[in-house]
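Numbering-wise, the sequence shown is residues 1372 to 1417 according to the working numbering.
First up is the structure itself, then whatever we jot down about it.
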Amino acid sequence: AEADPIAGRISNESPLGRVLMGRKVGDEVQVNAPDGLLTFRIIAIE
């Protein structure tokens, strides 16, 4: 659950982290952000 932005790691407890749990490469996810709804496509999981 530790975030490390420099290493490109997000917390699974963050809004984006919660949305990404259980997803796979190629999936698209949406997350609410202060500027509105953002859409991301998963291109890799490490």
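We put the beta carbon where it would ideally sit given N, CA and C, even for glycine.
The structure displayed is predicted, hence computed values, not measured ones.
Residue i (DSSP reduced to helix, strand or coil)
i        : result
Gly-1419 : In this structure the chain extends from 1372 to 1417, so residue 1419 is not present and cannot be described.
Gly-1407 : strand
Residue j beta carbon less than 7 Å from that of residue i
i        : j        : result
Val-1396 : Ile-1413 : yes
Gly-1388 : Ile-1381 : yes
Of the residues the options, the one placed nearest residue i, counting alpha carbons only
i        : options                                : result
Phe-1411 : Asn-1383, Pro-1405, Ala-1404, Glu-1399 : Glu-1399
Ala-1404 : Asp-1375, Ser-1385, Ala-1374           : Ser-1385
Leu-1409 : Ala-1374, Leu-1391, Asp-1375           : Leu-1391
Glu-1417 : Gly-1407, Asp-1406, Gly-1379           : Gly-1379
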